[in-house]
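The next block holds one structure in the form of structure tokens; read it before the comments.
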Amino acid sequence: MFNRPLSSSNGHGTEQSRSYGDGELICQEGESSSEMFVIQSGSVRIFKARPPGHGRPSQPPEIELAVLNKGDFFGEMSLLEGLPRDASAVAQGGALVLVMTPGALLVRLRRDPTFAFEVLRRLSGRVRSLNARLVAALAESEAGPSAREPLLYSPETKAAGVP
Amino acid sequence: MIIDIQEERLVVISDLHVGNPYSAASRNLGEFFEDARRRGYNLCINGDGFEILQARFASLAADSAGVLRSLRRLIDAGRRVFYVVGNHDIALENFLSAWSGIQITPFLNVTSGDARIRIEHGHLYDPSFVKSPRFYEFMTRAAGPFLHFYPDVYRIWTSYEELKHRVSGALRGKRSSVSVYHDAARMLLRRGFDVVVFGHTHHAEEVVFEPGQRYFNSGNWVRGGTFVEIERGQVSLRRWGTTT
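In order, the protein sequence lines correspond to chains D and A. So for the first sequence, the working numbering puts the first residue at 1009; every next one is plus one. So for the second sequence, the working numbering puts the first residue at 8; every next one is plus one.
And the structure:
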């Protein structure tokens, strides 16, 4: 019923809109895919599976990284690097997303230069956040062993966006 | 540099061309800024605020002083002022971030009420600017003297661009919008925006593409006095002098 294209590639490369129902999986951690997504309406929850051996048994098996809303984008890492998905995404309360293949992204960047600016800004923010976490992790390791999980999935990770 | 902002009350003006001898902006803006201050609106100048390409420095300095004083009063009253860089004031990019209390930015993504609004000058979608920015700058400078004969020379340029776009679309056999700016706005709207506001063409307009998806152009203050008003997600095109 959901997850069907709502528009073709008329004048927009191979961009197309897809609708997802509440809780429907948009992309899954580890899968091979080279599309990125822009949220046209609704919300999307991003999460990673908890690494084996991390956390207590009572904790949920998933770690929520972010909840993204209209205008946010995700999935650009797999598109740019050609590597498997680093995190999963599900629609939260239903979502309409614009799906871009690498070719569609190139067409978009040519016609919509501010989109490139926004993607680069997001990636730059993520590098800055990772640098801060790296410094904190190094400082902690010099101070002695400590719990690493809060560093791996800190609030900065959420703020920087994913996957 | 600020790009994403939350604003419940914002007025957007563009194409003031302060410093251009034929711009009436410096005479009319004081009252407009005072009205914004009194009614509690923040301000966005959506490009081509100061005429850096076509004006002599003396003229720019003389006209700017009063406008900057008015802006200072607005800022001192606690209002926020944003300046989106256009093609006639592209030199201001060197001040990206803040200049004298004014936030300078290449574009703005505004959240207001439930609406997401893109504010951008629009020159990046002007085919002539994109294809040959240096030639475009040269032609813009060269057009300066023609302002002595016909101040609205910009309209000739805009009409020419619209005609060219329509003809090339017809030749390609594709359904084409009236304006490249409408095409650009549609493309931005597909990214989760509800409203797109451009300037650049000097032609104030409101276009409803489909319910909930609208394009505005904030017009100009060279001869006119139009602005876009944003009030808790509601967006409207207004003409100065008919608001109070």
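We treat Cβ as the ideally placed atom computed from N, Cα and C, and that holds for glycine. It should be emphasised that the depicted structure is a prediction, and the values quoted were computed from it without experimental measurement.
Does I1034(D) come within less than 7 Å of chain A when only Cβ atoms are used?
no
What is the DSSP secondary structure of N116(A), reduced to helix, strand or coil?
strand
Contact set for V242(A): own chain, Cβ-Cβ below 6 Å, skip 5 residues either direction
V202
Are V117(A) and I12(A) closer than 7 Å when you measure CB to CB?
Judged by beta-carbon spacing, I12(A) lies within the 7 Å limit of V117(A), meaning their Cβ atoms are closer than that value.
Could you check whether the Cβ of G1133(D) sits closer than 7 Å to any Cβ belonging to chain A?
The beta carbon of G1133(D) sits no closer than 7 Å to any beta carbon of chain A.
Looking at C-alpha atoms only, which residue of K1078(D), R1129(D), R1053(D), D1094(D) is the closest neighbour of E1032(D)?
Of the listed residues, the one whose Cα sits closest to E1032(D) is R1053(D).
For a contact defined as C-beta to C-beta under 9 Å, what are the partners of L195(A) on chain D?
D1120, T1122, F1123
DSSP three-state assignment for T1109(D), whether helix, strand or coil:
coil
Within a Cβ cutoff of 7 Å, which residues of the same chain sit near I82(A), ignoring the five residues on either side of it in sequence?
V88, G108
Secondary structure at E213(A), three-state DSSP: helix, strand or coil?
strand
Please go through the same chain and pick out, in chain order, the residues whose beta-carbon is closer than 8 Å to the beta-carbon of I10(A), but skip the five residues on each side of it.
T112, P113, F114, L115, N116
For S33(A), is the classification buried or exposed, using 16 other Cβ atoms within 10 angstroms of its Cβ as the cut-off for buried?
Buried, by the Cβ-count rule.
According to the Cβ coordinates, are L1106(D) and E1043(D) closer than 7 Å?
no
Determine the chain A residues that contact I1047(D) at a beta-carbon separation under 8 Å, and present them in chain order.
G199
Could you check whether the Cβ of K1056(D) sits closer than 7 Å to any Cβ belonging to chain A?
no
Sequence-distant residues of its chain with Cβ nearer than 8 Å to F40(A) (five each side left out)
So the list reads L50, S77, L78, R80, L81, once near-sequence residues are dropped.
Between G47(A) and N227(A), what straight-line distance do the alpha-carbon atoms span, to the nearest angstrom?
22 Å
Distance, W247(A) Cα to N35(A) Cα:
9 Å
Beta-ladder partner(s) of N49(A), from DSSP
L17(A)
For G1169(D) and chain A, any beta-carbon pair shorter than 7 Å?
The predicted position of G1169(D) is uncertain, since its pLDDT is 48 and thus under 50; a value taken from the coordinates is nonetheless stated next. So no, G1169(D) is outside the interface.
Give me the chain D residues within the contact set of R123(A), using Cβ-Cβ distance strictly less than 8 Å, ordered along the chain.
K1078, G1079
Threshold first: 3 residues or longer. Then list the beta strand (DSSP E) segments lying entirely within the segment 1095-1142 of chain D, N to C.
Within the segment 1095-1142 of chain D, the beta strand (DSSP E) runs of at least 3 residues that lie entirely inside it are, in chain order, 1096-1108.
Considering only residues of the same chain and omitting the five flanking positions on each side of S1051(D), which have a CB-CB separation below 7 Å?
V1075, L1076, N1077, Q1100, G1101, A1103
Closer than 9 Å by beta-carbon distance: list the chain A residues that pair up with L1106(D), in chain order.
R197, R198, G199
Note down the Cα distance separating S1096(D) from I1034(D), rounded to an integer number of angstroms.
C-alpha separation (whole angstroms): 8 Å.
How should H128(A) be labelled, buried or exposed, when 16 other C-beta atoms within 10 angstroms of its C-beta is the threshold for buried?
Buried, because 16 or more other Cβ atoms sit within 10 Å of the Cβ of H128(A).
List, in order along the chain, the chain D residues whose C-beta lies closer than 9 Å to that of P113(A)?
Going along chain D in sequence order, the residues near P113(A) (Cβ under 9 Å) are T1122, F1125.
Is any beta-carbon of chain D found at less than 7 Å from that of L67(A)?
no
On a CA-only basis, which of R141(A), G73(A), R125(A) is nearest N94(A)? Give me that one, please.
Per the C-alpha coordinates, the member of R141(A), G73(A), R125(A) positioned closest to N94(A) is R141(A).
According to the Cβ coordinates, are R125(A) and L170(A) closer than 7 Å?
no
Report buried or exposed for E1089(D), applying the criterion of at least 16 other Cβ atoms within 10 angstroms of its Cβ.
exposed
Closest residue to S1041(D) among P1065(D), D1030(D), L1091(D), R1119(D) (Cα-Cα distance)
L1091(D)
Beta-carbon contacts of R239(A) that lie in its chain and below 7 Å, excluding the five residues immediately before and after:
Same-chain partners within the cutoff: E15, S119, G120.
With DSSP as the reference, please indicate the residues paired to S243(A) in a beta bridge.
E236(A)
C-alpha distance - R1026(D) paired with R1093(D), whole-angstrom precision:
19 Å
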